[in-house]
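Here is the structure we will look at, set down as structure tokens.
In the working numbering, the protein residues as written are 10 to 418.
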């Protein structure tokens, strides 16, 4: 069987790998100059080093991610702590603390003040359970308190990064899915994992090599212009040089606005949220934590790599029109304050993604289409489809695997 996958981001790569693993010959094409989608890496001449376009975090309990990396032989490309230790620093108060859930699923950490959010009692932590129960249209604010120490020091920064949407207006169903897949399973499932040395080295390059070794074709710079439909099937793909006949399954793993332009009457999310990342060519001092959450600043998370420091701001629509040099100076000042050193601002790069993810509100979640379409051999994949998760790497990879399984069956 020959299968066609359009789009070589995480969803498309996942679909192609699963199809090839089942014995299909896959033709994978992407309109961009390189594979990876939003999880791409590139050499930045301003920094004179390879960087990721953004800082993407996965968790040890992301089952679809781990299965994908195992298949392509890249599970060892993730690094992270042995336990779920999350460091935080409050720029306003100067306080620092570590949130440390225990490894097992029984949450005895609730009764250890050295593991909880400082200043927050057991009862407030237990109230988090209300996030897991409610209606599909509920926002996070409909289910739990969105003020106080627990909110400010843990829930808001974590849920903002997971939803890439103001968590007060974010879908409680999607937020609950994140909690069920991580903290509710215990600390071992909640351990953060970061791609080393780059996203491409962990998620993209090994997949492309694996696909080619299994007889599949991977082509970049090849943009699909049209799908040709006949009856209940896609019968041809048009990349600009005329229709090319197809007989097997087609997995469309492109951004939602592209899919809507290619597929008649397709309903997709229409609102999006930005992410801003900044990278600094500065080797972090010894002992710098690999990741730290920042409270009371513009920066939300600081990541330390061997040759650079990087920051991420989610739900960053308010920043996308701000001058890049102004942002870099602001971020660098907060990095120095958090890590306790003084240094001239090094070479920097600021990356703005205006439509990084769909807005994870109940209304936008309701617009996400399923994997199947009314055409028997056309399947959708992407973190914007109905994965049951917000727009995450886990959701994207899950969607691709699901599309492949339906195509095979």
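Even glycine gets a Cβ: it sits at the ideal position worked out from N, Cα and C.
Quick check on residue i: does DSSP put it in helix, strand or coil?
i, result
"residue 248", "coil"
"residue 275", "coil"
"residue 265", "helix"
"residue 19", "helix"
"residue 255", "coil"
"residue 201", "strand"
"residue 214", "helix"
"residue 241", "coil"
"residue 209", "helix"
"residue 58", "strand"
"residue 226", "strand"
"residue 233", "coil"
"residue 41", "coil"
"residue 283", "strand"
"residue 151", "helix"
"residue 12", "strand"
For residue i, count the other beta carbons within 10 Å of its own beta carbon; 16 or more makes it buried, fewer makes it exposed. Which is it?
i, result
"residue 253", "exposed"
"residue 55", "exposed"
"residue 418", "exposed"
"residue 121", "exposed"
"residue 9", "Because the chain is modelled from 10 through 418, residue 9 falls outside the range shown and cannot be assessed."
"residue 309", "buried"
"residue 294", "exposed"
"residue 36", "buried"
"residue 388", "buried"
"residue 408", "buried"
If I measure Cβ to Cβ from residue i and keep anything under 6 Å in the same chain, skipping five residues before and after, which residues do I get?
i, result
"residue 133", "159"
"residue 397", "186"
"residue 129", "158, 159"
"residue 450", "With the chain represented from 10 up to 418, any question about residue 450 goes unanswered, as that position is not in the structure."
"residue 48", "19, 65, 208, 212"
Could you name the residues of the same chain whose beta carbon sits closer than 8 Å to that of residue i, not counting the 5 residues immediately before and after it, in chain order?
i, result
"residue 147", "180, 181, 182, 371"
"residue 352", "291, 345"
"residue 82", "215, 219"
"residue 57", "290, 356"
By Cβ distance below 7 Å, which residues in the same chain neighbour residue i in space, the five residues on each side in sequence not counted?
i, result
"residue 131", "119, 120"
"residue 275", "268, 269, 378"
"residue 137", "153"
"residue 75", "84"
query: Which residue spans inside the stretch 363–413 form an unbroken alpha helix (DSSP H) run of at least 4?
result: 371–374
query: Which runs of the alpha helix (DSSP H) fall wholly inside the stretch 153–191 and span at least 4 residues, in chain order?
result: 165–172, 181–190
query: Enumerated in chain order, which unbroken segments of the alpha helix (DSSP H) with a length of 4 residues or greater are wholly contained in the stretch 67–144?
result: 72–80, 131–135
query: If we count Cβ pairs, one from each stretch, closer than 8 Å, do we get three or more for the stretch 98–113 versus the stretch 139–146?
result: no
- request: Could I get the ranges of all uninterrupted beta strand (DSSP E) runs contained in the stretch 303–353, with 3 residues as the minimum, in chain order?
  value: 310–313, 318–322
query: Is the stretch 278–298 touching the stretch 359–376, taking contact as three or more C-beta pairs under 8 Å?
result: yes
message: Quick test of the definition: if touching needs 3 or more C-beta pairs under 8 Å, does the stretch 377–391 touch the stretch 355–365?
response: no
- prompt: Within the chosen definition, does the stretch 400–416 reach the stretch 258–277 through at least 3 CB pairs nearer than 8 Å?
  reply: yes
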